[in-house]
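Undergrad:
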Amino acid sequence: MKVCTKGVWDETIPGISFDEDGVSNFCNLQEKLMADHPRGAIGQSDWDALVTAMKTAGRKKRYDCVIGVSGGVDSSYLLHIARQYGLRPLAVNLDNGFNSEIAVQNIYKITTSLSVDLETYVVDYEEIKDLLSAYMKAGMPWIDTPTDLAIKATMYKVARAEGIRFILRGNDFRSEGKQPKEWTYSDARQLLYIHKQFGKGVSLRTYPMLTLFRQLYAGLVIGIKDIRPFYYLDYNKQDAKRLLMETYDWKDYGGHHHENLFTKFAMAYWLPQKFGIDKRKINLSAQVLSNALTRQEALVLLSQPFASPAELEQTRAYVQKKLSLSDVDFERIWSSQPKNTFDYPSNYALIFGLVKRFRPLLKRLYSYTPMSVSATDIVDTKRV
Amino acid sequence: MFRPRVIPVLLLKNKGLVKSKRFSDYTYIGDPINAVKIFNDLKADELIVMDILATKEGRCIDLDFVRQVGDEANMPFAVGGGIQTIPQIKAIINAGAEKVIINSFAVREPAFIQKAADEFGSSTVVVAIDVKKKFLGKQQVYSVAGTKASGLDPIRWAQQMEANGAGELMVTSIEQDGMMQGYDLPLIRAISMAVQIPVIAAGGAGKLTDFASARRAYASAMAAGSLFVYHGPRKAVLVNYPTSDELLKLFSPS
Numbered sequence: 157m158k159v160c161t162k163g164v165w166d167e168t169i170p171g172i173s174f175d176e177d178g179v180s181n182f183c184n185l186q187e188k189l190m191a192d193h194p195r196g197a198i199g200q201s202d203w204d205a206l207v208t209a210m211k212t213a214g215r216k217k218r219y220d221c222v223i224g225v226s227g228g229v230d231s232s233y234l235l236h237i238a239r240q241y242g243l244r245p246l247a248v249n250l251d252n253g254f255n256s257e258i259a260v261q262n263i264y265k266i267t268t269s270l271s272v273d274l275e276t277y278v279v280d281y282e283e284i285k286d287l288l289s290a291y292m293k294a295g296m297p298w299i300d301t302p303t304d305l306a307i308k309a310t311m312y313k314v315a316r317a318e319g320i321r322f323i324l325r326g327n328d329f330r331s332e333g334k335q336p337k338e339w340t341y342s343d344a345r346q347l348l349y350i351h352k353q354f355g356k357g358v359s360l361r362t363y364p365m366l367t368l369f370r371q372l373y374a375g376l377v378i379g380i381k382d383i384r385p386f387y388y389l390d391y392n393k394q395d396a397k398r399l400l401m402e403t404y405d406w407k408d409y410g411g412h413h414h415e416n417l418f419t420k421f422a423m424a425y426w427l428p429q430k431f432g433i434d435k436r437k438i439n440l441s442a443q444v445l446s447n448a449l450t451r452q453e454a455l456v457l458l459s460q461p462f463a464s465p466a467e468l469e470q471t472r473a474y475v476q477k478k479l480s481l482s483d484v485d486f487e488r489i490w491s492s493q494p495k496n497t498f499d500y501p502s503n504y505a506l507i508f509g510l511v512k513r514f515r516p517l518l519k520r521l522y523s524y525t526p527m528s529v530s531a532t533d534i535v536d537t538k539r540v
Numbered sequence: 013m014f015r016p017r018v019i020p021v022l023l024l025k026n027k028g029l030v031k032s033k034r035f036s037d038y039t040y041i042g043d044p045i046n047a048v049k050i051f052n053d054l055k056a057d058e059l060i061v062m063d064i065l066a067t068k069e070g071r072c073i074d075l076d077f078v079r080q081v082g083d084e085a086n087m088p089f090a091v092g093g094g095i096q097t098i099p100q101i102k103a104i105i106n107a108g109a110e111k112v113i114i115n116s117f118a119v120r121e122p123a124f125i126q127k128a129a130d131e132f133g134s135s136t137v138v139v140a141i142d143v144k145k146k147f148l149g150k151q152q153v154y155s156v157a158g159t160k161a162s163g164l165d166p167i168r169w170a171q172q173m174e175a176n177g178a179g180e181l182m183v184t185s186i187e188q189d190g191m192m193q194g195y196d197l198p199l200i201r202a203i204s205m206a207v208q209i210p211v212i213a214a215g216g217a218g219k220l221t222d223f224a225s226a227r228r229a230y231a232s233a234m235a236a237g238s239l240f241v242y243h244g245p246r247k248a249v250l251v252n253y254p255t256s257d258e259l260l261k262l263f264s265p266s
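Residue numbers (the numbering used here), protein chains in the order written: chain A, 157 to 540; chain B, 13 to 266.
#1: Quick one: what does DSSP say A:Pro516 is sitting in, helix, strand or coil?
#2: Would you list the residues sitting across from B:Gly267 in a DSSP beta bridge?
#3: Can you tell me the Cβ-Cβ gap for B:Pro166 and B:Gln188, rounded? I've got them flagged as a contact below 8 Å.
#4: Our contact map puts B:Asn115 next to B:Asp142 with C-beta atoms below 8 Å; I'd like the distance itself, whole angstroms only.
#5: Tell me which residues of the segment 66 to 96 of chain B have at least one Cβ-Cβ distance to chain A shorter than 8 Å, keeping chain order.
#6: Starting from the N-terminal side, write out each stretch of the beta strand (DSSP E) that is 3 residues or longer and does not extend beyond the segment 223 to 284 of chain A.
#7: Check for me: the beta strand (DSSP E) holding A:Tyr363 runs from which residue to which?
#8: For A:Cys221, which of helix, strand or coil comes out of DSSP?
#9: Go through its chain and collect everything with a Cβ distance to A:Asp280's Cβ below 6 Å, but skip five positions before and after it.
#10: Would you kindly check if the distance between the Cβ of A:Glu402 and the Cβ of A:Tyr409 is under 8 Å?
#11: For B:Ile215, I'd like the list of residues in its chain whose CB is within less than 6 Å of its CB, leaving aside the five on either flank, ordered along the chain.
#12: Would A:Leu506 pass as an interface residue toward chain B - the criterion being a Cβ-Cβ separation below 8 Å?
#13: Using CA atoms only, rank isn't needed, just tell me which of A:Leu468, A:Tyr500 and A:Phe386 is closest to A:Asp202.
#14: Tell me which residue opens and which closes the beta strand (DSSP E) that B:Ala85 is part of.
#15: Going along chain B in order, which residues have a C-beta closer than 7 Å to the C-beta of A:Glu282?
#16: Output the residue ranges of the alpha helix (DSSP H) runs that lie fully inside the segment 458 to 507 of chain A and measure 4 residues or longer, sorted by chain position.
#17: Which same chain residues, not among the five before or five after B:Glu131, have their C-beta less than 7 Å away from its C-beta?
#18: Quick one: measure Cβ to Cβ for B:Val78 and B:Ala109, integer angstroms, because I've assumed they're closer than 8 Å.
#19: Using a Cβ-Cβ cutoff of less than 7 Å, which residues in the same chain neighbour B:Gly163 once the five nearest sequence positions on both sides are dropped?
#20: Please report the distance separating the alpha-carbon of A:Lys538 from that of A:Thr497.
#21: Starting from the C-beta of B:Ala229, find all residues in its chain whose C-beta is less than 6 Å away, skip the five residues before and the five after it, and write them out in chain order.
#22: Find out if the Cβ-Cβ distance for the pair A:Ser173, A:Tyr341 is shorter than 8 Å.
#23: My output table needs one value for B:Ser20: the three-state DSSP class, helix, strand or coil.
#24: Spatial neighbours of A:Ser492 within its chain, please: CB distance less than 6 Å, with the 5 preceding and 5 following residues excluded, ordered by chain position.
#25: Give the secondary structure of B:Val153 by DSSP, where H, G and I count as helix, E and B as strand, and everything else as coil.
#26: At what residues does the beta strand (DSSP E) containing B:Met234 begin and finish?
#27: Out of A:Lys334, A:Arg244, A:Ile266 and A:Asp382, state which residue places its alpha-carbon closest to the alpha-carbon of A:Tyr312.
#28: Between B:Asp53 and chain A, is any beta-carbon pair separated by less than 8 Å?
#29: I need the boundaries of the beta strand (DSSP E) containing B:Glu180, first residue and last residue.
#30: Please work out which residues of its chain come closer than 8 Å, Cβ to Cβ, to A:Gly242, disregarding the five sequence neighbours upstream and downstream, and give them in chain order.
#31: Give the single residue among A:Glu187, A:Leu270, A:Glu318 and A:Phe254 whose Cα lies nearest to the Cα of A:Cys221.
#32: Could you check what DSSP says for B:Gly42 in three-state terms: helix, strand or coil?
#33: If you draw a straight line from the C-alpha of A:His193 to the C-alpha of A:Asp204, how long is it?
#34: Is B:Gln208 buried or exposed, if buried means 16 or more other CB atoms sit within 10 Å of its CB?
#35: Classify A:Lys337 as buried or exposed, calling it buried when 16 or more other Cβ atoms lie within 10 Å of its own Cβ.
#36: For B:Gly177 and chain A, any beta-carbon pair shorter than 8 Å?
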């Protein structure tokens with residue numbers, strides 16, 4: 157198995173290629189992203205300008221930004237940062253029926269102690285259940301797409317309803333890296349298709365849907381800006397965790413995104429065992445390149461299991477029960493053909509076509525080029 | 013150290029959890045199993061789960077559902093909704109519940125409480141008493157999820173249920189339900205003083221100190237819905253429950 161000589165990306169990753177030095181295209185992408193989004197003095201001054209813009213836009217309002225919260229380290233720390241810079245965020249949580257007790261407690265503690273108002277959007281569980289099962293039946297790798305799309309849609313929805321112009325997200329490509337689109341790309345069009353093909357026909361009445369049109373409208377007409385503060389500011393997950401624990405009695409929940417039990421199942425059971433996909437390779441590589449870890453440490457971490465077999469079985473059993481899947485149902489799903497994003501229709505070609513053509517406009521609107529664009533540049537050109 | 017029990021109340025409507033205001037105005041708040049799991053992890057003293065459509069639809073609460081609650085709940089839990097027969101109670105207990113809660117059928121057939129208590133022991137039988145003032149009238153007992161006035165006087169009814177063998181009474185003020193402005197303390201006090209069996213105060217808790225007030229009105233346990241599922245000024249849906257330290261402090265004599 158060929159492994160990138162600078163990070164720990166390997167041949168299990170779709171679209172990967174290696175140059176003569178054994179450096180992968182994903183590594184080049186990561187380096188380009190780091191160059192495109194500098195931290196330090198430049199990042200700080202970009203961020204300061206954004207803070208001023210947010211405060212100005214929110215002057216006569218109760219809130220100046222929306223922050224999606226999950227109880228996880230990134231979003232919890234983002235709330236902390238926002239308050240530090242004197243912003244008045246409205247925290248928004250999407251409840252998909254799989255929040256863990258730790259997540260819920262973390263959200264409670266941090267919003268209470270920072271006096272941040274919280275808004276929750278509870279999707280009717282029967283709808284989420286039908287969507288998550290449909291993604292599993294479709295053999296999609298990233299089965300938590302319905303949640304991800306709903307979170308994004310909810311943030312836009314709340315921002316529009318409250319007249320808030322800025323959405324802040326806790327993403328950090330320096331600790332997460334860029335996932336190959338075969339694994340994670342999805343959109344509303346694809347969701348509707350998969351739901352129609354594989355769902356039980358539960359009508360989506362409460363599920364928030366961000367269609368391409370609505371997203372373009374929100375961005376281009378209303379001018380809602382989508383910002384990732386950790387692209388600019390120094391952020392180190394381990395330090396952040398420590399600070400959160402000391403300041404807010406925040407609790408650690410183990411693995412990346414294990415604050416939600418379905419996400420944990422997707423990440424630690426479904427992907428590795430059915431698809432041979434280990435997303436940690438992407439995360440850890442990114443951390444190696446940003447000097448948070450050595451390559452050797454990353455390789456050691458990768459050789460460790462996601463969780464104990466007993467814990468994984470427990471998570472599987474819980475998910476199976478919550479989705480009302482019998483053993484026979486689950487067996488059928490488990491043995492079905494693995495698919496990926498490009499096996500089902502989506503707006504991928506359309507969106508990236510648009511984005512490429514209108515890049516200068518996007519740059520003016522969002523003050524940076526969306527990350528996925530740089531990603532297609534590198535990953536796609538190398539593949540052709 | 014002894015302290016009164018503090019009990020989250022979950023209302024089931026179809027397959028979802030709802031929270032009511034004055035027994036109407038139902039808001040969907042999510043999946044019941046997740047909420048039970050979180051209350052379990054937060055170490056709630058007990059749980060109460062009621063199917064609010066069961067009586068109206070002429071059926072008993074779903075046993076599979078009770079079993080699923082039992083799977084996630086390590087603490088004792090009581091279940092209500094459309095219970096009318098001894099075999100139903102037996103099945104509910106077998107599915108993992110510790111107690112059953114009966115309101116409507118007790119009003120229709122008070123002798124059933126005696127039968128149930130004889131069969132399963134008083135400690136299994138909780139009678140729910142939902143109380144509201146009829147237009148310009150006195151407070152009286154309501155049944156069928158607050159939709160049917162019975163003409164019964166709450167205090168006399170409480171005494172009759174005690175005499176029939178009820179092990180516990182859950183007294184809910186319909187007017188205070190979901191308003192988060194405190195329990196109907198005169199009602200709780202009057203009933204608690206009129207009977208020997210434990211009284212669970214319900215309907216209206218909006219802050220932890222409301223529990224202490226109910227305690228001073230002689231309630232043995234305090235139930236709450238909104239307080240444990242809503243958070244902050246925007247009433248975000250976020251399951252929460254006080255820590256055991258907070259509860260001890262709340263009920264300590266000083």
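Glycine residues also receive a C-beta, built at the ideal position from the N, C-alpha and C atoms.
Source: prediction; values computed, not measured.
TA: On the basis of the supplied data:
#1: The answer is helix: DSSP assigns A:Pro516 an H, G or I state.
#2: The first residue shown for chain B is 13 and the last is 266, placing residue 267 of chain B beyond what the model contains.
#3: Actually they do not touch by this definition, with Cβ atoms about 14 Å apart.
#4: With a contact defined as Cβ atoms closer than 8 Å, B:Asn115 and B:Asp142 qualify at about 6 Å.
#5: Listed by position, the residues of the segment 66 to 96 of chain B near chain A (Cβ gap below 8 Å) are Gln80 and Asp83.
#6: Along the length of the segment 223 to 284 of chain A, whole beta strand (DSSP E) runs at least 3 residues long occupy 245 to 251 and 273 to 278, reported in chain order.
#7: Looking at the DSSP string, A:Tyr363 is not in any beta strand (DSSP E), and its letter there is neither H nor E.
#8: Residue state, collapsed to three classes: strand.
#9: In its chain, beyond the 5 residues on either side, Thr362 have a beta carbon closer than 6 Å to the beta carbon of A:Asp280.
#10: No, Cβ-Cβ distance for A:Tyr409 and A:Glu402 is not below 8 Å.
#11: Note that residue 215 of chain B corresponds to Gly in the displayed sequence, not to Ile. So the list reads Thr184, Ser185, Gln188 and Asp189, once near-sequence residues are dropped.
#12: It does not: the Cβ of A:Leu506 has no partner Cβ on chain B nearer than 8 Å.
#13: A:Phe386 is the residue among A:Leu468, A:Tyr500 and A:Phe386 whose C-alpha sits nearest the C-alpha of A:Asp202.
#14: Looking at the DSSP string, B:Ala85 is not in any beta strand (DSSP E), and its letter there is neither H nor E.
#15: The answer, in chain order, is Lys27.
#16: Entirely contained in the segment 458 to 507 of chain A, the alpha helix (DSSP H) runs reaching 4 residues are, in chain order, 465 to 478 and 483 to 491.
#17: Spatial neighbours of B:Glu131 in its own chain (CB-CB distance under 7 Å, excluding positions within 5 residues in sequence) are listed in chain order as Ile98.
#18: Contact between B:Val78 and B:Ala109 holds: CB atoms are separated by about 6 Å, below the 8 Å threshold.
#19: Taken in chain order, the residues that qualify are Gln152.
#20: Because A:Lys538 sits at a pLDDT of 40, beneath the cut-off of 50, its placement in the model cannot be relied upon, and the following sentence gives the value as read from the coordinates. When rounded, the distance between both Cα atoms is 20 Å.
#21: The residues are Leu197, Ile200 and Arg201.
#22: No; because the gap between Cβ atoms is not below 8 Å, this pair is not in contact.
#23: Looking at the sequence provided, one finds Pro at residue 20 of chain B rather than Ser. Annotated three-state conformation of B:Pro20 is strand, per DSSP.
#24: Result list for A:Ser492: Gly295, in chain order.
#25: DSSP places B:Val153 within a strand segment (E or B) once states are collapsed to three.
#26: Residues Ala233 to Ala236.
#27: Out of A:Lys334, A:Arg244, A:Ile266 and A:Asp382, the CA that lies nearest to the CA of A:Tyr312 is found in A:Asp382.
#28: Using a Cβ-Cβ cut-off of 8 Å, B:Asp53 counts as an interface residue toward chain A, since at least one Cβ of chain A sits closer than that to its own.
#29: Counting along the chain, B:Glu180 sits inside the beta strand (DSSP E) bounded by residues Glu180 to Ser185.
#30: Closer than 8 Å at Cβ, skipping near neighbours: Val207 and Lys211.
#31: Per the C-alpha coordinates, the member of A:Glu187, A:Leu270, A:Glu318 and A:Phe254 positioned closest to A:Cys221 is A:Glu318.
#32: Secondary structure of B:Gly42 (DSSP, three-state): strand.
#33: If you take the alpha carbons of A:His193 and A:Asp204, they lie about 15 Å apart.
#34: By the 10 Å Cβ count, B:Gln208 comes out exposed.
#35: Buried is the call here.
#36: For B:Gly177, the answer is no, since every Cβ of chain A falls outside 8 Å of its Cβ.
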